[in-house]
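K.L.:
Residue 868 is where the sequence shown starts when you use my numbering, and the numbers rise one by one after that.
Backbone N, C-alpha and C fix where the C-beta goes; we use that ideal spot for every residue, glycine too.
Encoded as C-alpha cells, here's the structure I'll be asking about.
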Amino acid sequence: MRNKNLLDRDRAEDLLTEYTRSPSLLNHSLAVEAALGAYARRLGEDELTWRITGLLHDFDYERWPEPENHPLKGSEILRSAGYPEQIIYAILSHAQYLELERKSPLDQALFAVDELCGLITAVALVRPSRSILDVTVRSIKKKWKQRSFAEGVSREDIALGASELGVDLAEHIGFVLEALQGSAAQIGLIGLAEKHAEANAQLTG
C-alpha cells in the first residue's frame, strides 16, 4: 500500500463507509474529494492520491468527533492499513487544533477546500431547487457575510486556506464551486427538479 500505485479508491470508499453512516458526512467527503481532484489536475499533482485524501479526511469523525480523537484515531487506522504518510500528514494538518504546519500543496489544498465545501453545500441546500447548479459565487459571498448562516463554518479558515495555497479568495471560491457542480449528482446536490427528471427518464426509458 505504501506504493502510490497500490492506492485504490474503492478500498478507500469502503473504509469511509465502514466508519461513516451519515449521508451528509458522506456527501461532504465526496465533495472534498471532488475539490481536491480538481486542484490536483490544476497543479499537476497525483490526482488519485489527492482524491483519496479528500475522501478519507473525516472518515473517523462520526465515531470519534472529539478533538482529542479526530483525526488522530483515523491516522492510526490509516497507518495500520499502509496508507502513505503524505496522505496521513495532510489529514492531520487540516485540524487547526493540532497546530501542525501545512507544508505540502496537498496539506494546503485540503485545509483550503474543507470548510469551503461545507459553506457551498449549505448555500445549495437553502436554494428552492436544493441544487448546487443554481449556486453562484455571488450567492456564496452574500451568505459569507451573514455570520448567522452556517455559523459552524469558519470563514477565517477558508480565507487562511486560500492565502496558504496562494490563490485569490474569490477565485478559490469559484474554482471549488465549479468542481462541485461537476460532481453534483455524486455529492447529493443535483437538486429536486433534476432528480425528478432522472426518475421520469428511467421510468420511460
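#1: Got a sec, what are the start and stop residues for the alpha helix (DSSP H) Ile-954 sits in?
#2: Taking buried to mean at least 16 other C-beta atoms within 10 Å of its own C-beta, is Arg-969 buried or exposed?
#3: By how many angstroms is the C-alpha of Tyr-950 removed from the C-alpha of Leu-874?
#4: Would you tell me roughly how many angstroms separate the C-alpha atoms of Met-868 and Leu-903, rounded to the nearest one?
#5: Exposed or buried, what is Val-993 when buried is set at 16 or more other beta-carbons lying within 10 Å of its beta-carbon?
#6: Apart from the five residues on each side of it in sequence, which residues of its chain come closer than 6 Å, Cβ to Cβ, to Ala-905?
#7: Tell me the residue span of the alpha helix (DSSP H) that contains Val-990.
#8: Relative to the C-alpha of Leu-1000, which residue among Ile-987, Trp-1011, Lys-1010 and Lys-1009 is closest?
#9: Apart from the five residues just before and just after Arg-1022, which ones in its own chain have a Cβ nearer than 7 Å to its Cβ?
P.N.:
The answer reads as follows:
#1: Here the alpha helix (DSSP H) through Ile-954 covers 952–960.
#2: Arg-969 should be labelled buried.
#3: 8 Å
#4: Note that Met-868 scores 47 on pLDDT, short of 50, meaning its location in the model is unreliable; the coordinates nonetheless yield the value given after this. The alpha-carbon atoms of Met-868 and Leu-903 are separated by roughly 21 Å.
#5: exposed
#6: Ala-1046
#7: 972–992
#8: Ile-987
#9: Trp-1011
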